[in-house]
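*Asks:* Residues in the sequence shown are numbered from 1 upward in steps of one, following UniProt numbering. Ideal Cβ placement from N, Cα and C applies to all residues, glycine included. Quick caveat: nothing in here was measured; it's all calculated off a predicted structure.
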Amino acid sequence: MQLGFCIRLNDKGKDIPIKAEDVQENDEICRSVEGTEMPIDVTPYRVWFSDSAQAVQTSDPVGANAPDASSIYTQRFARVSYLVIELGTKVIRTFFLKDVVRPSITNGEHISDKDAVLQFFGKHDVKIELKKLKKTKVIYASQWTLLYPASGHTDVETFDITLLVLLIRKLHPDKANLKWSAPQKNATLPSSPQTTQGFIDHIQRLKNVRNYIQHSAKYEIQDMEKFYTNWEIACASVLALGADPNEVEKAQKSIFSIQEIDTIVCEIRSSAEDNKRHFNNRFDRLELLIFSVCAILIVLAINDKKWI
Numbered sequence: 001m002q003l004g005f006c007i008r009l010n011d012k013g014k015d016i017p018i019k020a021e022d023v024q025e026n027d028e029i030c031r032s033v034e035g036t037e038m039p040i041d042v043t044p045y046r047v048w049f050s051d052s053a054q055a056v057q058t059s060d061p062v063g064a065n066a067p068d069a070s071s072i073y074t075q076r077f078a079r080v081s082y083l084v085i086e087l088g089t090k091v092i093r094t095f096f097l098k099d100v101v102r103p104s105i106t107n108g109e110h111i112s113d114k115d116a117v118l119q120f121f122g123k124h125d126v127k128i129e130l131k132k133l134k135k136t137k138v139i140y141a142s143q144w145t146l147l148y149p150a151s152g153h154t155d156v157e158t159f160d161i162t163l164l165v166l167l168i169r170k171l172h173p174d175k176a177n178l179k180w181s182a183p184q185k186n187a188t189l190p191s192s193p194q195t196t197q198g199f200i201d202h203i204q205r206l207k208n209v210r211n212y213i214q215h216s217a218k219y220e221i222q223d224m225e226k227f228y229t230n231w232e233i234a235c236a237s238v239l240a241l242g243a244d245p246n247e248v249e250k251a252q253k254s255i256f257s258i259q260e261i262d263t264i265v266c267e268i269r270s271s272a273e274d275n276k277r278h279f280n281n282r283f284d285r286l287e288l289l290i291f292s293v294c295a296i297l298i299v300l301a302i303n304d305k306k307w308i
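1) Quick check: what's the CA-CA separation for I255 versus F77?
2) Using three-state DSSP, classify P183 as helix, strand or coil.
3) Under the assumption that L87 contacts A240 (Cβ atoms under 8 Å), give the Cβ distance between them as a whole number of angstroms.
4) Leaving out five residues before and five after I290 in sequence, what residues of the same chain have Cβ atoms less than 8 Å from its Cβ?
5) Since T229 is in the alpha helix (DSSP H), which residue starts that stretch and which ends it?
6) E157 to A182, Cα distance in whole Å?
7) Hey, out of P173, I92, L118, whose CA is closest to S151's CA?
8) Let me know if T195 comes out buried or exposed under the rule of 16 or more other beta-carbons within 10 Å of its beta-carbon.
9) Ends of the alpha helix (DSSP H) at G198?
10) From P39 to Q75, what does the alpha carbon distance come to, in whole angstroms?
11) Report the rounded CA-to-CA distance for V42 versus R269, giving the unit in angstroms.
12) For C235 and L133, which I take to be in contact (beta-carbon distance under 8 Å), what is that distance rounded to the nearest angstrom?
13) Would you grab the beta carbon distance between F95 and L167 for me? Rounded to a whole angstrom, and I think it's under 8 Å.
14) What does a CB cutoff of less than 6 Å around E220 pick up in its chain, not counting 5 residues either side in sequence?
15) Using C-beta distances below 7 Å, list every residue in its chain close to N208, excluding the 5 sequence neighbours before and after it, in chain order.
16) Would you give the residue range spanned by the alpha helix (DSSP H) that P149 belongs to?
17) Look at the Cβ atom of L164, then the Cβ atom of R102, and state whether they are nearer than 7 Å.
18) Please go through the same chain and pick out, in chain order, the residues whose beta-carbon is closer than 7 Å to the beta-carbon of L147, but skip the five residues on each side of it.
19) Give the single residue among E260, D68, V80, D113 whose Cα lies nearest to the Cα of Q214.
20) Just to check my reading of the structure: V91 and G242 have Cβ atoms closer than 8 Å, yes? What is that Cβ distance to the nearest angstrom?
21) Can you find a heavy atom of the ligand ADP that lies under 6 Å from the Cβ of A236?
22) When the Cα of I161 is compared with those of V238, K179, V248, D262, which residue comes out closest?
23) Apart from the five residues just before and just after H278, which ones in its own chain have a Cβ nearer than 8 Å to its Cβ?
24) Using the Cα positions of S104 and K218, report the straight-line distance between them to the nearest angstrom.
25) Assign E109 to one of three DSSP states: helix, strand, or coil.
26) Compare the C-alpha of I203 against each of D113, K114, K179, S216 and name the closest.
27) By the DSSP assignment, the alpha helix (DSSP H) with D125 in it spans what residues?
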């Protein structure tokens with residue numbers, strides 16, 4: 001049995017053989033039995049072209065650990081990820097605008113979100129606080145670029161959960177009275193929070209679920225209990241924060257395509273890589289501080305003719 005490559009025609013539901021020279025960049029191909037239309041691998045491979053050669057090559061969407069869209073484990077992962085990353089980010093962003101941005105500016109209730117954001121991040125006290133966070137590496141370079149882009153037009157739509165939660169923690173008008181300790185997974189939170197703390201608890205839970213999926217090496221959830229636990233937690237929290245129930249139901253019933261899963265995984269990877277770089281930078285600074293302190297102690301010991 002020989003393996004050949006065929007262009008996948010999603011609209012017709014079958015694979016038609018095609019010559020290599022007719023393959024276009026960004027087409028999708030799958031492995032199949034030569035001379036048949038039956039694919040033996042439902043995972044599409046994205047076509048790309050080498051800069052140094054005209055030969056057609058193939059690459060899976062997200063590397064060696066590419067998710068299999070036909071796997072129920074991958075679909076579980078995609079559902080929870082979409083619920084948190086797409087719907088969760090949306091409701092946390094709304095909370096940030098409503099509870100942090102608008103109360104802090106003049107006539108905040110009577111201007112557009114765009115104007116409110118520009119006015120908020122242009123405030124002197126906000127800039128001072130954010131510069132302190134940047135100086136101490138709490139805010140890192142890629143986040144600062146989003147907060148104060150070269151264009152001068154801050155777009156809150158580009159903020160992910162990590163940045164939104166950081167801004168809420170550091171800039172909320174009532175931050176001194178808010179607690180960010182993670183609620184227990186089995187703790188029951190109010191479905192309709194009556195206090196700011198109630199909303200914060202739901203935000204923290206969403207962040208915890210986001211951390212769970214971010215550390216998934218295979219982009220799948222095999223354990224049924226873990227899937228239901230994280231789904232129920234995330235579902236309850238996005239609804240409590242104001243998500244559209246129809247959008248939540250749609251996410252629950254959706255069968256995600258490989259392209260949609262690819263997009264979700266890329267977002268997760270990008271956020272994880274930023275966090276890793278941020279951690280490494282802070283670790284390097286700590287290492288340098290320890291080295292400097294040790295050097296000073298050694299110099300002092302030598303000067304005093306003592307050994308440590």
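*Replies:* Concretely, from the data shown:
1) Position 255 of the sequence shown, counted from the start, is the residue given in the question as residue 255. Position 77 of the sequence shown, counted from the start, is the residue given in the question as residue 77. So the two alpha carbons sit approximately 11 Å from each other.
2) Position 183 of the sequence shown holds residue 183. Here P183 sits in coil by DSSP.
3) As a first step, residue 87 must be located in the sequence shown, where it is residue number 87. As a first step, residue 240 must be located in the sequence shown, where it is residue number 240. About 12 Å separates the two Cβ atoms, so there is no contact after all.
4) Within the sequence shown, the letter at position 290 stands for residue 290. Counting only Cβ-Cβ distances below 8 Å, and skipping sequence neighbours, we find nothing.
5) As a working mapping, residue 229 is identified with position 229 in the sequence shown. T229 -> alpha helix (DSSP H) spans 224-240.
6) Within the sequence shown, numbered from 1, the residue matching residue 157 stands at position 157. Within the sequence shown, numbered from 1, the residue matching residue 182 stands at position 182. Rounded to whole angstroms, E157 to A182 spans 26 Å at the Cα level.
7) Stepping through the sequence shown from its first residue, residue 151 is reached at position 151. Of the listed residues, the one whose Cα sits closest to S151 is L118.
8) Here residue 195 corresponds to residue number 195 of the sequence shown, with the count starting at 1. Result: exposed.
9) Indexing the sequence shown from 1 puts residue 198 at position 198. G198 -> alpha helix (DSSP H) spans 196-214.
10) Here residue 39 is taken as the residue at index 39 of the sequence shown, counted from 1. Here residue 75 is taken as the residue at index 75 of the sequence shown, counted from 1. For P39, the pLDDT reaches just 43, beneath the cut-off of 50, and the residue's location in the model is therefore unreliable, although a value from the coordinates is still provided. One C-alpha to the other measures close to 20 Å.
11) In the sequence shown, counting from the first residue as 1, residue 42 sits at position 42. In the sequence shown, counting from the first residue as 1, residue 269 sits at position 269. In this predicted model, V42 has a pLDDT of only 42, less than 50, meaning its place in the structure is not dependable; the value taken from the coordinates is given anyway. Cα to Cα, V42 sits roughly 23 Å from R269.
12) Counting from one through the sequence shown, the residue named residue 235 turns up at place 235. Counting from one through the sequence shown, the residue named residue 133 turns up at place 133. In fact, because the Cβ distance is near 32 Å, the residues do not count as touching under 8 Å.
13) Counting from one through the sequence shown, the residue named residue 95 turns up at place 95. Counting from one through the sequence shown, the residue named residue 167 turns up at place 167. At roughly 11 Å, the Cβ-Cβ gap does not stay under 8 Å, so F95 and L167 are not in contact.
14) Counting from one through the sequence shown, the residue named residue 220 turns up at place 220. Here the set comprises Y73, T74, F77.
15) Here residue 208 is taken as the residue at index 208 of the sequence shown, counted from 1. Once the five neighbours on either side are set aside, the close Cβ partners of N208 are A182.
16) Locating residue 149 in the sequence shown gives position 149, where the first residue counts as 1. Looking at the DSSP string, P149 is not in any alpha helix (DSSP H), and its letter there is neither H nor E.
17) Residue 164 sits at position 164 when you count from the first residue of the sequence shown. Residue 102 sits at position 102 when you count from the first residue of the sequence shown. Cβ distance not < 7 Å, so L164 and R102 don't count as in contact.
18) Walking along the sequence shown from the start, residue 147 turns up at place 147. Excluding residues within five positions, the ones whose Cβ falls inside 7 Å are F121, L130, T154.
19) For this step, residue 214 is matched to residue 214 along the sequence shown. Residue V80 is the option with its Cα nearest to Q214.
20) Locating residue 91 in the sequence shown gives position 91, where the first residue counts as 1. Locating residue 242 in the sequence shown gives position 242, where the first residue counts as 1. So it is a contact: roughly 5 Å between Cβ atoms.
21) The model depicted lacks the ligand ADP and carries no ligand whatsoever.
22) Residue 161 sits at position 161 when you count from the first residue of the sequence shown. With distances taken between Cα atoms, I161 lies closest to V238.
23) As a first step, residue 278 must be located in the sequence shown, where it is residue number 278. In this prediction, H278 scores a pLDDT of 47, lower than 50, which makes its location untrustworthy; no coordinate-derived value is stated.
24) Taking the first residue of the sequence shown as position 1, residue 104 is located at position 104. Taking the first residue of the sequence shown as position 1, residue 218 is located at position 218. When rounded, the distance between both Cα atoms is 43 Å.
25) Position 109 of the sequence shown, counting from 1, holds the residue named residue 109. DSSP places E109 in helix when its eight states are reduced to three.
26) Looking up residue 203 in the sequence shown gives position 203. Checked all of D113, K114, K179, S216; the closest Cα to I203 is K179.
27) The sequence position of residue 125 within the sequence shown is 125, counting from 1. Counting along the chain, the alpha helix (DSSP H) containing D125 begins and ends at 124-135.
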